[in-house]
DNA sequence: TTGATATAGATGCAATTGCATGAAAAATCA
DNA sequence: TGATTTTTCATGCAATTGCATCTATATCAA
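Chains as they are written, first to last, in this note's numbering: chain A, 1 to 155; chain B, 1 to 155.
Below, the structure is given as structure tokens:
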């Protein structure tokens, strides 16, 4: 092993990781720019609302949102407050758990999902998918699916 | 095409993108936790210092750092100030450009790179590479290299 | 039960980020 | 040259994030 491999961040795994990080950040930023330009809130709002829509009864406990979005607890707590303040969801006291809250998707939230989707989809197409062949997209997706299955609980 | 494919974020490119984003975030967070636990600053400090070390004369203009790290201009400006305040680099007036600044790596900054590297490398190994075969890492890396070459200037 | 521990969620405060803008020098152009 | 535009970098202010901690309820063990 050369000296470079010991002291410099150029091992193959680090390089792969750096590319993963860089690609993800670059694309995220560009997608966010397009959402904002279209007058929409950040992608994290979409993620939360989408989880609500997918959920049984269109509602989830904050702790469930936390697990599904991988946001930190305090960020979920405050993000929910913002989404609720904007009228896209509402908070109700949990009936089963006295500590808990239940976040419910409002019709306005469903509308928002419907309206954001084409912009979101198009942005991902333009900033990401258009630069890969279909085979590359599939391969990438499969490798990442496998990776994620090993490192996270949900999804 | 089914209704679901029109209205729901489940097209193959979106799914691939979501996995990319999720994997990157999850791993980044865990790597950051390990760096912090070892008493080190965030990865962004490492990135900046590393770019300085790679650069001719161990120094760069902020605008160059911006291009290489993909950080926003105002974030570069303030990140540099923090790094300088911590004694890892210093700012000098640019000789060629009256508007400009030159950020120079200090010996303390080089030391920091050397000390952070094994922790960083190990964290990436544990949180990322250990969950992929060598072939998967290579494939992933190549696809992302190709993608990045199309969407960013530098690297 | 009761006492100890764990879980759910909120929040004060400090640090960081994003936005908008400013100042200064350079580059361009009429 | 002088005016205009562009580039470089900094910064005030608002929004968001991270950290630490708090309250309340639930769970568990004796």
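By construction, the Cβ of each residue, glycine as well, lies at the ideal position given by its N, Cα and C atoms.
For residue 16/B, no beta strand (DSSP E) encloses it; the enclosing alpha helix (DSSP H) starts and ends at 12-37. For residue 75/B, no CB of chain A lies under 8 Å from its own CB, so it is not counted at the interface with that chain. Short of 8 Å from the beta carbon of residue 84/A, and not among the five residues preceding or following it, lie these beta carbons of its own chain, in chain order: 90, 91 and 103.
The Cβ-Cβ distance between residue 79/B and residue 71/B falls below 8 Å. Boundaries for residue 66/A: no beta strand (DSSP E) harbours it, while the alpha helix (DSSP H) harbouring it runs 62-69, taken from the DSSP string. Residue 105/B is not a Cβ neighbour of residue 143/A, given a cutoff of 8 Å.
For residue 85/A, the uninterrupted alpha helix (DSSP H) segment begins and ends at 73-85. Here the stretch 93-100 of chain A does not lie against the stretch 30-43 of chain A, with fewer than 3 beta-carbon pairs under 8 Å apart.
Annotation: Cβ neighbours of residue 26/B in chain A (cutoff 8 Å, chain order): 70, 148, 151 and 152. Cβ contact annotation for residue 116/B (same chain, cutoff 6 Å, sequence separation greater than five): 40 and 46, in chain order. Around the beta carbon of residue 114/B, fewer than 16 other beta carbons sit within 10 angstroms, so the residue counts as exposed. Per DSSP, residue 129/A is not a residue of any beta strand (DSSP E), being assigned neither H nor E. The DSSP-derived three-state label of residue 99/B is coil. Under the 8 Å criterion on CB atoms, residue 107/A is classed as non-interfacial with respect to chain B. The C-alpha of residue 107/A is placed about 46 Å away from the C-alpha of residue 63/B. The three-state reading of DSSP puts residue 90/B in strand, counting E and B together. With a beta-carbon spacing of about 13 Å, residue 148/A and residue 30/B fall beyond the 8 Å limit used to define contacts.
Shown here for residue 69/A: same chain residues with a beta carbon closer than 6 Å to its own, the five before and five after excluded, namely 47 in chain order.
The C-beta of residue 40/B comes no closer than 8 Å to any C-beta of chain A.
Per the C-alpha coordinates, the member of 129/B, 109/B, 150/B and 127/B positioned closest to residue 50/B is 109/B. Annotation: residue 154/A to residue 100/B spans about 48 Å, alpha carbon to alpha carbon. Under a criterion of Cβ atoms nearer than 9 Å, no residue of chain B is adjacent to residue 58/A; the nearest Cβ is some 14 Å distant.
The C-beta separation of residue 141/B from residue 15/A comes to about 6 Å, placing the pair in contact by the 8 Å criterion. Taking the beta carbon of residue 11/B as reference, the chain A residues within 7 Å of it are 121, listed in sequence order. Annotated as proximal: residue 125/A and residue 13/B, with beta-carbon spacing under 8 Å.
With contacts defined by Cβ atoms closer than 8 Å, residue 152/A and residue 137/B do not form a contacting pair. Each residue's CA atom was taken as its position, placing residue 76/A and residue 57/B some 45 Å apart.
Scanning chain B for C-beta atoms nearer than 9 Å to the C-beta of residue 45/A yields nothing, as the closest lies near 13 Å away. Distance from the Cα of residue 53/B is smallest, within the candidate group 122/B, 17/B and 111/B, for 111/B. Under the criterion of beta carbons closer than 8 Å, residue 123/A and residue 34/A qualify as touching, at roughly 4 Å.
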